[in-house]
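Heads up: the structure comes next, in structure tokens.
Numbering (the working numbering), first residue to last: 4 to 240.
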């Protein structure tokens with residue numbers, strides 16, 4: 004495998020005549036945590052949707068584990084080991100917690116290990132085991148986010164894209180979620196964090212990229228980017 008598990012090369016994406024992402028390029032080193040930060044409307048989620056096969060880029064190429072996955076449907080990308088945790092902690096609210104989790108193991112490559120993976124998810128989020136037979140619609144926002152993360156893990160991914168995981172959650176819950184993300188990464192899974200929460204995501208990540216008006220305007224190792232650099236890039240100063 005290449006030292007980069009994901010490579011995005013000169014990607015652009017449109018919604019009709021609106022250019023949401025412009026000439027975006029970045030790499031995700033294998034087993035690293037990479038943050039993509041920017042204000043609402045900066046193009047972060049659209050870029051991740053292109054990677055995950057939810058939105059087709061209008062130009063550019065996307066490589067995952069050395070394979071060109073540009074324009075592949077989402078289910079094919081999941082089968083290859085890339086998973087998206089979408090914004091808004093989306094769950095099937097009329098299904099139980101456990102049924103939601105099992106839905107994540109639908110790719111053929113993941114079915115064989117579904118039982119053991121389910122136990123790993125319950126070890127990571129013990130509260131989900133306690134509520135395994137409860138309807139997901141009865142859970143708190145933080146618990147639904149745990150279900151969304153757990154469902155993603157059920158496909159046994161090599162890379163997970165987290166889109167605005169802290170949105171609408173209490174600070175104590177956010178801290179707990181981020182702790183679990185670091186644990187997932189420590190076990191060998193590469194992570195991309197898409198966030199508006201600059202301080203937390205930069206502190207957690209190995210590399211950071213700032214997006215503004217669809218463009219990546221700042222990139223580098225997180226520990227080398229100053230607060231002033233990030234602020235200026237974030238606000239276009």
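The beta-carbon is built from N, C-alpha and C at its ideal position, and this holds for glycine as well.
Could you tell me the alpha carbon to alpha carbon distance between residue i and residue j, rounded to whole angstroms?
i, j, result
"residue 163", "residue 68", "13 Å"
"residue 231", "residue 240", "10 Å"
"residue 169", "residue 96", "20 Å"
"residue 15", "residue 35", "24 Å"
"residue 144", "residue 83", "29 Å"
"residue 24", "residue 213", "13 Å"
"residue 178", "residue 90", "17 Å"
"residue 161", "residue 85", "6 Å"
"residue 93", "residue 150", "9 Å"
"residue 238", "residue 20", "24 Å"
"residue 234", "residue 204", "14 Å"
"residue 87", "residue 182", "18 Å"
"residue 33", "residue 211", "15 Å"
"residue 99", "residue 229", "45 Å"
"residue 122", "residue 78", "24 Å"
"residue 157", "residue 236", "36 Å"
"residue 186", "residue 209", "14 Å"
"residue 154", "residue 118", "13 Å"
"residue 41", "residue 189", "26 Å"
"residue 104", "residue 176", "20 Å"
Quick one: grab the DSSP three-state call for residue i.
i, result
"residue 218", "strand"
"residue 25", "strand"
"residue 155", "helix"
"residue 167", "coil"
"residue 33", "coil"
"residue 101", "helix"
"residue 124", "helix"
"residue 71", "strand"
Per DSSP, what are the beta-bridge partners of residue i in this structure?
i, result
"residue 198", "40"
"residue 212", "39, 222"
"residue 65", "11"
"residue 16", "24"
"residue 86", "163"
Taking residue i and residue j to be in contact with their CB atoms under 8 Å, please state how far apart those CB atoms are, rounded to whole angstroms.
i, j, result
"residue 146", "residue 120", "Actually they are not in contact, since the Cβ atoms of residue 146 and residue 120 sit about 19 Å apart, beyond 8 Å."
"residue 65", "residue 54", "6 Å"
"residue 45", "residue 202", "Not really, about 17 Å apart at Cβ, beyond 8 Å."
"residue 29", "residue 11", "5 Å"
> If we count Cβ pairs, one from each stretch, closer than 8 Å, do we get three or more for the segment 115 to 134 versus the segment 44 to 53?
Replying inline: The segment 115 to 134, when compared against the segment 44 to 53, does not touch it at the 8 Å Cβ threshold.
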